[in-house]
Structure formats: structure tokens, C-alpha cells
Amino acid sequence: MLRFTLPDGSCKELPAPVNVAAIAAAIGTGLARAAVAGRVNGELVDLETRLDADAAIEIITPATPDGLEIVRHSTSHLMAHAVKELFPGAQVTIGPAVADGFYYDFDYERPFTPEDLVAIEARMEEIANRDLPVTRHLMERQEAMDWFMARGERYKAEIIAEIPGGQPISLYRQGEFMDLCRGPHVPSTGRLKAFKLMRVAGAYWRGDSRNKMLQRIYGTAFPDKKGLSAHLTLLEEAAKRDHRKLGKELDLFSIQDDAGGGLVLWHPMGARMRQTIEEQWRQAHRAAGYEFLFTPHMANLDLWRTSGHLDFYRESMFNPMTVDEQSYQIRPMNCPFHILVYRSQIRSHRDLPLRWAELGTVYRYEMSGVLHGLFRVRGFTQDDAHIFCRESQIESEIAAILDLTLQTLRTFGFDRFEINLSTRPEKAVGSDAIWEKATLALRNAILHHGLEYREDAGGGAFYGPKIDVKITDAIGRKWQCSTIQLDFNLPERFDIGYIGEDGVRHRPIMIHRALMGSLERFFGILIEHYAGHFPLWLAPVQAVVLTITEAHNDWATEVGQKLRAAGLRVETDLRNHKVSYKIREHAMRKIPWLLIVGEREQAEGAVSPRDRHGKDLGLMHVDEILHRLLQENANRT
RNA sequence: GCCGACGUAGCUCAAUUGGCAGAGCAACGGAUUUGUAAUCCGUAGGUUCGGGGUUCGAUUCCCCGCGUCGGCUCCA
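Counting from 1, position 591 in the first sequence corresponds to residue 877 in the numbering used here; the numbering is continuous, with no gaps.
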């Protein structure tokens, strides 16, 4: 008898030999039907895996993240199978499950067309319906290489050559199709019921642009049709929120060839929003004890030589320009300037910490193919700041920065965070002692906030450990905006110091941090997060007063003036059009409040407010709506 | 940068096998004075991304360039 411990702590005893599927069956028929794989002593295995010792076991169903990944991985094999049937000349390479589905890279004589995708998907359906068993086979290294080489699958042979010795080489067979794979996989192709091929794209073998470009087919798969259609709906929803589309519709910004790719033009409505964002930022920083700097957009190339950017950041920098026979560099970062300000006088330990912030516009060279709306640009403004402090102040400064970060993100409607702490990489500057001390300070600051975090060991930059904060938007997508980065390098390179209590010169610690990251990108995220329906405090136009006929123009004008005088962004629409026409137009502009003015309103010194959901609040005195709007504006809801 | 798809009026899109480049919205002019998501009539609007080629004839086919979009880390 073998004894299997289930996740809930209970046990099942079964006579050997037994496989994972049999254990699932012993637990329940429903579970057995849903099972796609098992986890035995922490390791994922196929259902057919035979067990001949006691073990901790878990049955994996597609409802779990692991199960879903297996379904997707198996679907990628299904796709490769279909491709090999339709295009026998195609070589298979790799085909993993990824965040939203899966892909498989092929080497084929020509690119796949959208029509090919339709055919491949149809063939996948057919193979799934054949319900072929998916079975695992172990092979000797040489045998496996010969097997693939005999079939012209050179990529697979290359992969096998790289598998470390001692590791078993496993292949999975479904019908005529056999693929090198670690597994595990679903037990049969019939288990794959809901998938869709999304697009073809070029992708380099091993992601290296020196290698051959392969044809990558992306697809997605779910345990059932319902999951698939929910996912497709989400994609549609994301498309509706696309900031490039909304940016045009709401006339917020543009990016035009005449100026250049990746260079953003902020239109009046977008600029209003940016000013609101910046004003909020300034006020929060003032309250948190920051000073503000303004520094130039370019500098003598020597500055970038001293900072080291010329060595390790060159690829992202624009070429220098020549001024009076000297080379000048448009800035990719703000930090060297802040250091120059620091260095402009002798600093005492009593001066520290110094917290200096700047909305600094920087220019970075990005390859043309990666430019993407506001998300990936060549000129952008960082909400940058540098804190110079003593070692002993690291922890409290980091804690304060975290505070300000979360407070800022919450203000903009984000309240789900994911925090990442990245520690010392192999190659690094600074002593082990300072790394250890600093990393501990960062960890403590996070714990002090009672925040959960993940540690990325070795993921830090060579010049210091860092904390990244990711936010989750309204449709569940994650974005990294904030970053808090310690720097042991620049203070050294610029040889900055402060005089300590002991009268001796010490090296300060430098902290770089950005909360929103790039204002352009953050703005894009805000647009998508709110789908253009901005909260009142951010909306470029907060209310429009609109008339029924021109007999009400005077009153409407007066209302507009009164609201504007109170600091609200209010327009009046006196045009000779039907109300329904005007309402439609402003509703499409996603204006939060429409204030309708007609005979009755005029007579009573009132307006009839209509909220963004189309709800008519009825007659309301102008002072009352003013109060209400101011309230809403102040609450930032 | 590389692979693929795409590029038509300010915007969203049409235009058989190559045969006079169109519609709606927006703009402009006029009529309409209107009560909660589109009043009616009219006018104007184009180097079909740029350049070259094939052809009697090119938005359409071919080549080059530019731009946009989707990708190019997620290791069998």
C-alpha cells in the first residue's frame, strides 16, 4: 500500500502500482475528469506518471494557474502539430505558455499569412477532435538528436545539445507528431477545447537579433469557451480604452511625423490635465519636505563622461551636437545636474537629508520599432527627485518615499500595489557592507509599512539596490511606474561629500526616485485606467453650461462666470442647437457634469445638472451645484 | 534596427478582374429658437503617404523610401 498526502492534509492509501490519474479517480470522479496533471512532492508531472513511493500529491486542474499554463502549453503543441501537418517543411523551435496564452516559433520558407492562421486553427480543432493520447517518452541524448536531425529539425537538435547532462530527455507524442518537451501535458488532445490564434509576428531565434528571424504565431487558450470569450471581451475592452484612440477623440495629445516619432505634442485639453497632475505633485512634494530644481536639457559631454553615462548608457543616448567646438549632449537623465547643485557648496551633516525634485524632461534614443503611443517615447518628463542623505538616514528616507509614492498613486485611483525589492547583482560597485546595510534598510522600510513584497535576488543595478512598485489598473493590467533606487556610484564619481559631526568628510548616499515615472506614460495609463472618464479633479472640462434657447444666454453666462470664479473649469455652450444635440456632443467628450439652463432654471437662479451617467438631478440652485462641484473636486473622487 | 500587416477628405471608412475617387460625421453658408445622446437644406473639401516603374489607363500591379500598427525576455 502507498500513502499519498493531499494538500488538505488528508491521506489516500492505494495499492501499487498506481499513477496520478488513478489517485485523482480515487478522490473523486469529477476531479478525475478535470485533472490535467499532478504535483508530486512539489514537482509537476503527467497524469500517467507512475508512483511507487509515498508522496505528497496535488491534482492539477485547469482552474489553477499551473493547470492553465499546462493547457496553454499543450495547445502550443497542438498548434505545432497542425502546422507540421499543413506545412511539413516548417521546422519547429520553441513553444511555451506565456502571460496571456502561448506562442510557437517556426522556421519556414515564407511568413505565415492571416489565411494560414485560419487554416491552422481549423486543423487544430480537427486534431483536438481526434482526441489523440499525449504520451511521454524518454530517450537517450544521441538517440533524440538523431531522431530530430533525421527529420530536419535542426533547432530541436540544437536545444538537446544544450540540455545539461544527467537531465532526462523527454519527448511527447500525439499521433504522428512528436516534440521535445519537458512537460507536463494534458493526457489527450481532446482536452483542448477553447483556443484562438491571435497573430503572426517575427521573432529572432533565442531573442537575439543576430540570429535568424522566425515566424511566431501567438494564440491563447482557456479551459473552456467561457474563459476564452471573457478574455476576448477583455481585449476588446482594452482596445476601447486605448490611449492613442482616446487621446485623439478627446483631443488630448498627438504624435506627428512632422515633429518626429516618439515626441509628444500636448494639446490644450491634455495640457490642462498635465497641469493638474503637476500641481498635485508639487503640493505633495512641498508637504513632504522637498525643494524644487530646474536644470538644463543639455550639457557639456564631459559631464556625461564623469557620470559614466557615456560608457554604460550610450546606446540610449542621442548623438552629441557641437557647440563652439565643444560637444554637448541632450540629457537622458537629470541626476548629474542635481549632483552639480549639491557640489556647488560645502555640505554639513546638518544639511542632510536634502530632497530635490524636478519635473525633468529627458530624451532617450529608442529604436523606431518600439515606439508606442505615450507608453514608449523618445522625449518624456520624469517626476524625478534625488535625496542626499547619511547612511543612518536611509531607512527613514526610504520609508518616507514609500509613503509619498503610495499616497500619490492612491490619489490617481490606484490602490493595488505589488512591491519588488532587487538586491546586489554579481557585478556591483560599493562594499558588501554598504550593500547589506542598504538592502536591510529597504527591507525594513517596506516591512514598516506592513507591505507584502517579493525579493528579486541579484536583480538590482550595479550601483545599488532598488524598490519597484507596480500598480494594477481598472481592467487588471499591471504597470510599473515607481522606482526607488539607491546609488553608491555617482557620489563616488563626482566625489561629493559632507562634513560629519566628527569634522571628517564623508560620502553621502544618493537616492533616485520617480513616482509616476514618465508623465507621458503615466498619463497614458490614466487615460486607459479611467477609459477617458476622468474624475472631476482631473477632467480638463469639469462642466458645461448649456442653454435651451438663446433667451437663456445671459443666465448661462452668469452661471459659467460664477463657477469659473470659484476655480472650476467650466464652459458655456450657447449655440443654437437642440439640447439633445449639445448633450450628445458633450457626453461624447466625457464631460463629468452638464448644467442645463432653460426657462425654469433662469427664473429660479438654478440649473438642471445631468451627471456623467445621464442622470438628471432636477432643478438645483446655482450655489448648491457650486458647492457640490467644489466638494467633488476637493475629494478627488 | 529586423519580420509581417497597413497607409484614400480634419475623423471613421467605401471604391468589381486596372477604367471619371465616394459616403457619414466634422467644417462653412442658410433655415430652424428647440427640455436631456444626432433638425433640415446647401457649399466646399483629395499630390489616394512620397518617389520611380509596368500599362492606352494605376487608389488597385511591381520596386525603393517614409510612417503607423502587431511582434522581436519569458528558455525543450
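All C-beta atoms, glycine included, are put in the ideal place defined by N, C-alpha and C.
Distance between beta carbons of residue j and residue i, contact taken as under 8 Å
i	j	result
residue 884	residue 908	Incorrect: roughly 14 Å between the Cβ atoms, too far for contact.
residue 444	residue 635	Wrong, their Cβ atoms sit about 59 Å apart, outside the cutoff.
residue 595	residue 603	7 Å
residue 805	residue 563	7 Å
residue 707	residue 749	With 8 Å as the limit, residue 707 and residue 749 do not qualify as a contact, their Cβ atoms being about 16 Å apart.
residue 795	residue 675	5 Å
residue 774	residue 716	3 Å
Contact check, residue i vs residue j, beta carbons under 8 Å
i	j	result
residue 361	residue 507	yes
residue 648	residue 617	yes
residue 378	residue 494	no
residue 312	residue 353	no
residue 751	residue 710	yes
residue 473	residue 331	no
residue 625	residue 782	yes
residue 599	residue 503	no
residue 457	residue 405	no
residue 732	residue 688	yes
residue 523	residue 581	no
residue 809	residue 560	yes
residue 803	residue 876	no
residue 829	residue 915	yes
residue 911	residue 893	yes
residue 659	residue 815	no
residue 587	residue 622	no
residue 509	residue 357	yes
residue 897	residue 903	yes
residue 677	residue 662	no
residue 364	residue 291	no
residue 745	residue 665	no
residue 570	residue 692	no
residue 686	residue 573	no
residue 727	residue 673	no
Residue range of the unbroken beta strand (DSSP E) whose run includes residue i
i	result
residue 532	Looking at the DSSP string, residue 532 is not in any beta strand (DSSP E); the run it does join, the alpha helix (DSSP H), is 529-535.
residue 647	640-649
residue 895	892-896
residue 828	That residue, residue 828, is in no beta strand (DSSP E); it is neither H nor E in DSSP.
residue 298	297-300
residue 847	No beta strand (DSSP E) contains residue 847, which is instead part of the alpha helix (DSSP H) from 839-851.
residue 709	Taken as a continuous stretch (DSSP letters only), residue 709 belongs to no beta strand (DSSP E), as it is neither H nor E.
residue 763	Taken as a continuous stretch (DSSP letters only), residue 763 belongs to no beta strand (DSSP E), as it is neither H nor E.
residue 323	323-326
residue 922	Segment: none, residue 922 is in no beta strand (DSSP E) and carries neither H nor E.
residue 462	Element bounds for residue 462: n/a, residue is neither H nor E.
First and last residue of the uninterrupted alpha helix (DSSP H) at residue i
i	result
residue 362	351-372
residue 440	440-448
residue 729	718-734
Bridge-paired residues (DSSP) for residue i
i	result
residue 747	750
residue 467	Per DSSP, none; premise fails for residue 467.
residue 482	506
residue 423	457
residue 703	757
residue 290	298, 341
residue 741	707
residue 336	305
residue 488	501
residue 380	Partner(s): none; residue 380 has no beta bridge.
residue 539	552
residue 329	326
residue 833	883
residue 346	323
residue 474	419
Q: Output the residue ranges of the beta strand (DSSP E) runs that lie fully inside the stretch 382-410 and measure 3 residues or longer, sorted by chain position.
A: Within the stretch 382-410, the complete beta strand (DSSP E) runs of at least 3 residues are 387-393.
Q | 4 or more residues per run - each alpha helix (DSSP H) lying fully within the stretch 565-650 | A | DSSP runs (the alpha helix (DSSP H)) wholly in the stretch 565-650: 587-593, 595-598, 621-629.
Q. For the stretch 854-910, which segments carrying the beta strand (DSSP E) assignment without a break, of at least 3 residues, lie completely within its bounds, in sequence order?
A. Entirely contained in the stretch 854-910, the beta strand (DSSP E) runs reaching 3 residues are, in chain order, 856-859, 879-883, 892-896.
Q: Output the residue ranges of the alpha helix (DSSP H) runs that lie fully inside the stretch 767-823 and measure 4 residues or longer, sorted by chain position.
A: Whole alpha helix (DSSP H) segments, 4+ residues: 776-779, 805-816.
Q | Complete beta strand (DSSP E) runs within the stretch 490-524 (minimum length 3 residues, chain order) | A | With a minimum length of 3 residues, the continuous beta strand (DSSP E) runs that stay inside the stretch 490-524 are 499-508.
(Q) I'd like the ranges of any alpha helix (DSSP H) spanning at least 4 consecutive residues and lying wholly in the stretch 659-699. (A) Whole alpha helix (DSSP H) segments, 4+ residues: 680-697.
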